[in-house]
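K.L.:
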């Protein structure tokens with residue numbers, strides 16, 4: 004999941020740093036909107052849904068595996084009882 008998060012951040016930083024590519028992407032979106040607006044809304048919806056799903060998965064993975072594992076916690080509890 005860390006690789007996916009890094010890849011998404013690289014895509015965003017590419018378009019932030021490269022204004023020409025961002026303008027070309029914006030022009031393509033405008034042309035697609037003028038020619039086929041329904042297709043554009045479907046594509047945007049699918050992309051937003053996919054990115055949101057990836058970020059939710061990344062968030063859940065980080066929250067579940069943050070800190071120590073349950074095995075390490077069990078060892079700590081066992082040591083405290085002795």
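Numbering (this note's numbering), first residue to last: 4 to 85. The beta carbon of each residue, even a glycine, is placed where N, CA and C say it ideally should be.
(1) So the alpha helix (DSSP H) residue 38 belongs to, where does it begin and stop?
(2) Would the stretch 13-32 and the stretch 48-67 be scored as touching if the rule is three or more Cβ pairs under 8 Å?
(3) Quick one: residues in its chain with C-beta nearer than 7 Å to the C-beta of residue 46, no 5 flanking neighbours on either side, listed in chain order?
(4) Among 32, 84, 57, which one has its Cα closest to the Cα of residue 8?
(5) How long is the line joining the alpha carbons of residue 26 and residue 35, rounded to whole angstroms?
P.N.:
A quick look at the data gives this:
(1) 22-38
(2) no
(3) none
(4) 57
(5) 14 Å
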